[in-house]
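The block underneath contains the structure these notes are about, expressed in structure tokens.
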Amino acid sequence: MKRLSGIIFFLTIAFTSVAQQADSSFVLPTDLTTSLLICQPGDNFYSGFGHCALRLQCPSHDLDVTFTYSLDDNLANRIAMFRGNGAGKYSSIKTAAFLEEYVKEGRGVVDYPVNISVEQTRALWQILDSENASPRYRQYNFLHTNCSSMCFYALERVMKGEEIVWNGLTEGCTGTYRNFVKYVSKGRPWTELFWSTILGSTGEEKGQLEDKLAPMLVEPTIDKAIIRTTSGTTRPFIQGEPTRLVEQTLTYPHNPFTPTLVFALLLVFAVFVSIYEWKRGYKALPRTFDTILLAAQTLVGLFIFYLSCLSHMVGAAHNWNLLIFNPLPLLLWICFRRCKWFPKVYLLYSIVILLYIASWAFKPSVTLPLVLVAFTFLVRTLARVVLSKKGN
43 MKRLSGIIFF
53 LTIAFTSVAQ
63 QADSSFVLPT
73 DLTTSLLICQ
83 PGDNFYSGFG
93 HCALRLQCPS
103 HDLDVTFTYS
113 LDDNLANRIA
123 MFRGNGAGKY
133 SSIKTAAFLE
143 EYVKEGRGVV
153 DYPVNISVEQ
163 TRALWQILDS
173 ENASPRYRQY
183 NFLHTNCSSM
193 CFYALERVMK
203 GEEIVWNGLT
213 EGCTGTYRNF
223 VKYVSKGRPW
233 TELFWSTILG
243 STGEEKGQLE
253 DKLAPMLVEP
263 TIDKAIIRTT
273 SGTTRPFIQG
283 EPTRLVEQTL
293 TYPHNPFTPT
303 LVFALLLVFA
313 VFVSIYEWKR
323 GYKALPRTFD
333 TILLAAQTLV
343 GLFIFYLSCL
353 SHMVGAAHNW
363 NLLIFNPLPL
373 LLWICFRRCK
383 WFPKVYLLYS
393 IVILLYIASW
403 AFKPSVTLPL
413 VLVAFTFLVR
423 TLARVVLSKK
433 GN
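The numbering of the sequence shown is the numbering used here, which starts it at 43 and goes up by one.
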């Protein structure tokens, strides 16, 4: 059913082309239009960056279809994305049905008419319908092949001898991938922490502009964008006035428990636990706290290690955060904790943690919340060094 409108359209075109040979009064439809739909962010992990789609219309044939590039939406494929082989694909749906989902979620949708010719729209429709009909999937990742970038790449395929020139873009688009993550996660600090933490050395690269044209970054300056031809002539990228198709009713409640606050409280509690251990010994409280802390560090470390070293996830390789988030501390504790020399391991690990904390000054991947976590590790590690000498 998703391809029905496109199939009808091209059957109509084919019939009309044949009929033209017998009667010159038959002409191809000339009321084809292309629009860029910009959808506001949702309130979950996958919709937090907003969404982009291409709307193609042919009123004379009562066709109104939206093409969207997205991750094949199932749990296995979401997990596959973190392995680096998530399956993405163009799909089509009647615009009315597309908008129904956003009405239910209360997410605003605005239609921006794109200033391309009828011939370019016809070619775009053919390309997108062909992609939709193809059984082939593309790799989906948040940095290079996402809903926004694939919309603009599709437009560029039909704009021969032309280019889109963006003016007034923020650093989220013109800066590094890490800046991009920061800007698109604005107001959602836990989302920013997640993506910033798993982003490796690629985070310091600028990459392609099209990769970073996220809906919420493009919308404020889309009216300043132009299309420039090889001869130097220009025209506005947007033709006419935008139309709001769905009103924004979804609200984004403020969460006072930011990563910085939560991990600052964790650090304070680590200091309290260390004082408690100094006075009363290595009892249930410090043992339980250390167990939870070590387990959490190991789980996060295994996740980052997998993404950075074993998976093919774009952007996750060479992650500096592996310096302290890795399974090695747990492995050493399991294998050598009863050895007399094991307290020296704590001392060595304290030096590693201090190196990581010092790197905050020159490593963009080391953020304040992670520094607070590192200080928490440092407090408990030094406590083990000092208290092991005390005889606990």
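Note that CB positions come from ideal geometry on N, CA and C, so glycine has one too.
What do you get for residue i, buried or exposed, if any count of 16 or more other CB atoms within 10 angstroms of its CB means buried?
i: Trp383; result: exposed
i: Gly357; result: buried
i: Ala64; result: Below a pLDDT of 50, predicted positions are generally treated as unreliable, and Ala64, at 45, falls in that range; the measurement from the model is reported next regardless. Under this definition Ala64 is an exposed residue.
i: Gln250; result: exposed
i: Gly130; result: buried
i: Gly343; result: buried
i: Asn435; result: Because the chain spans 43 through 434 in this model, residue 435 falls outside it and cannot be assessed.
i: Ser176; result: exposed
i: Leu235; result: buried
i: Gly282; result: exposed
i: Gly210; result: exposed
i: Ser274; result: The residue asked about is misnamed: residue 274 is Gly in this sequence, not Ser. The residue in question, Gly274, is exposed, as its Cβ has fewer than 16 Cβ neighbours within 10 Å.
i: His138; result: What sits at residue 138 in the sequence shown is Ala, not His. With fewer than 16 other Cβ atoms within 10 Å, it is exposed.
i: Ala337; result: exposed
i: Ala425; result: buried
i: His296; result: exposed
i: Asn101; result: Per the sequence shown, residue 101 should be read as Pro rather than Asn. So Pro101 counts as exposed.
i: Ser159; result: exposed
i: Arg277; result: exposed
i: Lys224; result: buried
i: Asn86; result: exposed
i: Thr423; result: buried
i: Asp104; result: exposed
i: Glu204; result: buried
Leaving out five residues before and five after residue i in sequence, what residues of the same chain have Cβ atoms less than 6 Å from its Cβ?
i: Gln99; result: Thr75 and Asp106
i: Phe222; result: Gly214 and Lys254
i: Leu78; result: Tyr154 and Val156
i: Pro328; result: Val315 and Glu319
i: Lys266; result: Asn209 and Gly210
i: Lys248; result: Thr218
i: Pro231; result: Thr300 and Pro301
i: Glu246; result: Thr218
i: Leu179; result: According to the sequence as given, residue 179 is Tyr; it is not Leu. Correct list, in chain order: Ala129 and Lys131.
i: Val200; result: Gln162, Ala165 and Leu166
i: Ala95; result: Leu79, Thr108 and Thr110
i: Phe140; result: Thr108
i: Val428; result: none
i: Ala261; result: According to the sequence as given, residue 261 is Glu; it is not Ala. Cβ neighbours of Glu261 beyond the five flanking positions: Ile80.
i: Arg97; result: Ser77, Leu79, Thr108 and Thr137
i: Thr272; result: Gly203
Any idea which residues DSSP pairs residue i with across the strands?
i: Ile80; result: Cys94 and Val152
i: Val288; result: Val151
i: Thr75; result: Gln99
i: Val276; result: According to the sequence provided, residue 276 is Thr. The question's Val does not apply to it. Thr276 is bridged to Arg270.
i: Gly130; result: Leu113 and Arg180
i: Asp106; result: Gln99
i: Lys382; result: For Lys382, which the question treats as bridged, DSSP gives no partner whatsoever.
i: Lys248; result: According to DSSP, Lys248 bridges with nothing at all.
i: Ile399; result: Ile399 is not bridged to any residue.
i: Lys136; result: Val107
Please work out which residues of its chain come closer than 8 Å, Cβ to Cβ, to residue i, disregarding the five sequence neighbours upstream and downstream, and give them in chain order.
i: Leu308; result: Leu414, Val415 and Thr418
i: Ile135; result: Lys44, Val107, Thr108 and Thr110
i: His354; result: Arg125, Gly126 and Asn127
i: Gln339; result: Ile366, Phe367, Pro371, Leu372 and Phe419
i: Ile169; result: Ala196, Arg199 and Val200
i: Ile268; result: Ile206, Val207, Asn209, Thr276, Arg277, Pro278 and Phe279
Among residues of its own chain, excluding the 5 on either side of residue i, which ones have a beta-carbon nearer than 7 Å to its beta-carbon?
i: Glu252; result: Ser191, Phe194 and Tyr195
i: Tyr182; result: Leu113, Met123, Gly128, Ala129 and Gly130
i: Gly229; result: Tyr294
i: Phe331; result: Val315
i: Val313; result: Val421
i: Tyr144; result: Cys81, Val151 and Val288
i: Phe352; result: Correcting the residue type first, residue 352 is Leu in the shown sequence and not Phe. So the list is empty, once near-sequence residues are dropped.
At the 8 Å Cβ level, is residue i part of the contact set with chain D, yes or no?
i: Phe417; result: This model lacks chain D altogether, as it is built from one protein chain only.
Does the distance between the C-beta of residue i and the nearest non-hydrogen atom of the ligand GDP fall short of 7 Å?
i: Arg329; result: Inclusion of the ligand GDP in the displayed structure is not the case, the ligand content being empty and no account of it being possible.
Inter-stretch contact at 8 Å, needing at least 3 Cβ pairs: the region 361-378 / the region 208-226
no
For the pair the region 114-125 and the region 346-358, tell me if three or more CB-CB distances fall below 8 Å.
yes
Say whether the region 388-396 touches the region 406-413, bearing in mind that this needs 3 or more beta-carbon pairs closer than 8 Å, one atom from each stretch.
no
Is the region 139-155 close to the region 317-329, with three or more CB pairs under 8 Å?
no
Every unbroken alpha helix (DSSP H) inside the region 148-229 [4 residues or more]
160-175, 189-200, 213-216 and 219-226
Report yes or no: do three or more beta-carbon pairs, one from the region 360-368 and one from the region 235-245, lie closer than 8 Å?
yes
At 4 residues or longer, and completely inside the region 310-356: list those alpha helix (DSSP H) runs for me, N to C.
326-347
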